[in-house]
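Okay, structure first, notes after.
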């Protein structure tokens, strides 16, 4: 392994600082990992560690995982005295600074509702002139404050909605970057419809997914979110029909054919096939070929 890293140094011109490297063991005997660390002259990492500011190896559903982020937001408020800042300045600081701090976390993990409420509580206290030990009267509901200025709000980001939007950026990248290596790795592990299905994933397959993939399946899911804004803003390019399911995917109009023609779907012999399986090209004309469990007109 060290030879491979040294070869990488020669090919790239980069220098690896082994003193700053950590060796993580997965199902390896303790004495063996100690010998490897001594040979590489690096440290042994624990099961949970921080990589690029993101905690790895811990459950992001626990509030304790987010405690560092909440403490960072709280400590940032200590530098400001809301009584010495105009209300307009408080709005700017709340929206730009406090809403920007958790972006990195929110772009990777679905925040627990307790974390969202704690963060919003900090924002609300600062906005209305309070501090960490006292509250002031909230003259307007927080839901109204988070509305756009055109709707009568202050334009402060709703962290829950913002969290969903950041996670759905991964869905968008999965749609647009299917040929990239990272996408191919995830698709080979979790399936072609990774985070992109309109249907609720079965419980057996859902349990096999990582927590991050499960969050992608749940966030803004068509059956779970009444406005399902993500899918409503997409237009699918059918192409040769090999990547679009005839009945389940939304390609003709704003809803899929399963919802629009339930009786036909119930008697289809191939309910899960792609569009390319429902016909063929004859010269320059496409001819549909449907197979049913019974005759349509009898």
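Numbering (the UniProt record's numbering), first residue to last: 1 to 298.
The C-beta atom is built at its ideal place from N, Cα and C for all residues, glycine as well.
Here the structure is a predicted model, which means the values were calculated and not measured.
Determine the direct distance from the alpha carbon of residue 257 to that of residue 299, and round the result to whole angstroms. The displayed coordinates of the chain run from 1 to 298. Any statement about residue 299 would go beyond what the structure contains.
So if DSSP puts residue 287 in a beta bridge, which residue, or which two residues, is it bridged to? 280
Under DSSP, the alpha helix (DSSP H) around residue 33 begins and ends at which residues? 30 to 40
Whether residue 144 touches residue 152 by CB criterion (9 Å): yes
Thinking C-alpha only, which one of 100, 259, 272, 157 is nearest residue 241? 272
Judging by CA-CA distance, which residue of 215, 219, 264, 277 is the nearest neighbour of residue 238? 277
What three-state label does DSSP hand residue 292 in the structure shown? strand
Should residue 234 go down as buried or exposed, given a rule of 16 or more other Cβ atoms within 10 Å for buried? exposed
Would you mind reading off the limits of the alpha helix (DSSP H) that contains residue 258? 257 to 260
Is residue 292 closer than 9 Å to residue 315 when the C-beta atoms are compared? In the structure as shown, the chain begins at 1 and stops at 298. Residue 315 is therefore absent and cannot be evaluated.
Would you decide whether residue 146 is buried or exposed? Buried here means 16 or more other CB atoms lie within 10 Å of its CB. buried
Whose C-beta lies closer than 8 Å to the C-beta of residue 281 among residues of the same chain, with five residues either side of it excluded? 287
Burial state of residue 105, where buried means 16 or more other Cβ atoms lie within 10 Å: buried
What residues in its chain sit with their C-beta under 8 Å from that of residue 97, if we drop five residues either side in the sequence? 76
7 Å Cβ shell around residue 190 - same chain, five flanking residues per side excluded: 209, 213
Go ahead and pull the three-state DSSP assignment for residue 22. strand
In the DSSP output, which residue or residues are listed as bridge partners for residue 160? Its beta-bridge partners do not exist; DSSP assigns none.
Which listed residue (249, 129, 36) has its alpha carbon closest to that of residue 84: 129
With a CB to CB cut of under 6 Å and the five nearest residues on each side skipped, what residues in its chain are close to residue 284? none
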